[in-house]
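> Residues 199 to 353 in my numbering are what the sequence shown lists, from first letter to last. For every residue, glycine included, the Cβ atom is placed at its ideal position computed from N, Cα and C.
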Amino acid sequence: MKNELKTIKHLWTIVCERASVDSLTNSVSLNSIYEEIQVKKKDSTGKASVPQKGEVIPFNHQIVSLWKRTDDGDEELVVDGQLEVVDPDGELLGKFPHQIRVGKGKLRARVIAQFNALKITEPGEYVFKLSAKDPGTKGFVDISENYLTVKFVLN
199 MKNELKTIKH LWTIVCERAS VDSLTNSVSL NSIYEEIQVK KKDSTGKASV PQKGEVIPFN
259 HQIVSLWKRT DDGDEELVVD GQLEVVDPDG ELLGKFPHQI RVGKGKLRAR VIAQFNALKI
319 TEPGEYVFKL SAKDPGTKGF VDISENYLTV KFVLN
């Protein structure tokens, strides 16, 4: 997936537990980068059970993206972004619009989206699809996909 925008370039996106930004240096530390999670559940009697289709599980995670301005402008640049969460069967589980703001005189922008839960439908690969659109345009452009494997554990 190599779709490009005219005003901004996507550098990377990571799914992690937490991103910590140092207030003095503006450096970011990414903690517990997720590629796979194991879901364990117990029923009311304490026996291991499989989550129900469409169940929302507690899962603290952040989606962190870094963007770079591609034009020579010095004014603030605001680009509309969108994050979609898709299950292994291709069903859309959630759509989260956001803005990518490159500050006045800045070259890069970091976007950190915080989530406390994940809707799960079955074990398999869940996709976090990132799209964006240039100012003044109508359609979103697919930018990147990140995958998270969800496994059910019965022990």
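Within 10 Å of its beta-carbon, does alanine 315 have 16 or more other beta-carbons around it, so buried, or fewer, so exposed?
Sequence index remark: in the sequence shown, residue 315 carries index 117 (1-based). By the neighbour-count rule (16 or more Cβ atoms within 10 Å), alanine 315 is not buried but exposed.
> Determine the DSSP secondary structure at glutamate 233, reduced to helix, strand or coil.
Within the sequence shown, residue 233 is the residue found at index 35, counting from 1. Three-state DSSP puts glutamate 233 in coil, outside helix and strand.
> So, with DSSP's three-state summary, where would you put glutamate 273?
Position 75 of the sequence shown, counted from the start, is the residue given in the question as residue 273. DSSP places glutamate 273 in coil when its eight states are reduced to three.
> Are arginine 308 and leucine 281 close, meaning C-beta to C-beta below 8 Å?
The residue you call residue 308 lines up with position 110 of the sequence shown. The residue you call residue 281 lines up with position 83 of the sequence shown. No; because the gap between Cβ atoms is not below 8 Å, this pair is not in contact.
> Is the beta carbon of threonine 205 sitting closer than 8 Å to the one on serine 342?
Within the sequence shown, the letter at position 7 stands for residue 205. Within the sequence shown, the letter at position 144 stands for residue 342. No, the Cβ-Cβ distance between threonine 205 and serine 342 is not below 8 Å.
> Quickly, what does DSSP pair serine 242 with across the bridge? List them, please.
As a position in the sequence shown, residue 242 is number 44, starting the count at 1. DSSP, once it has assigned bridges, lists no residue as partnering serine 242.
> DSSP has glutamate 202 in a bridge; who is on the other side?
Against the sequence shown, residue 202 aligns to sequence position 4. The partner list for glutamate 202 (beta bridge, DSSP) is empty, contrary to what the question assumes.
> Report the partner residues of valine 300 according to the DSSP bridge assignment.
Position 102 of the sequence shown, counted from the start, is the residue given in the question as residue 300. Its beta-bridge partners are Leu275.
> Do you know how far the Cα of lysine 239 is from the Cα of proline 256?
Here residue 256 is taken as the residue at index 58 of the sequence shown, counted from 1. Here residue 239 is taken as the residue at index 41 of the sequence shown, counted from 1. Roughly 11 Å between the two C-alpha positions.
> Just to confirm, is the Cβ distance from histidine 296 to glycine 279 under 8 Å?
Residue numbering aside, residue 296 sits at position 98 when the sequence shown is read from its first letter. Residue numbering aside, residue 279 sits at position 81 when the sequence shown is read from its first letter. Cβ atoms of histidine 296 and glycine 279: closer than 8 Å.
> Using the three-state DSSP reduction, which class does glutamate 323 fall into: helix, strand or coil?
Counting from 1 along the sequence shown, the entry for residue 323 is found at position 125. Glutamate 323 falls in the strand class under three-state DSSP.
> Measuring straight from C-alpha to C-alpha, what distance separates glutamate 273 and lysine 327?
Indexing the sequence shown from 1 puts residue 273 at position 75. Indexing the sequence shown from 1 puts residue 327 at position 129. So the two alpha carbons sit approximately 28 Å from each other.
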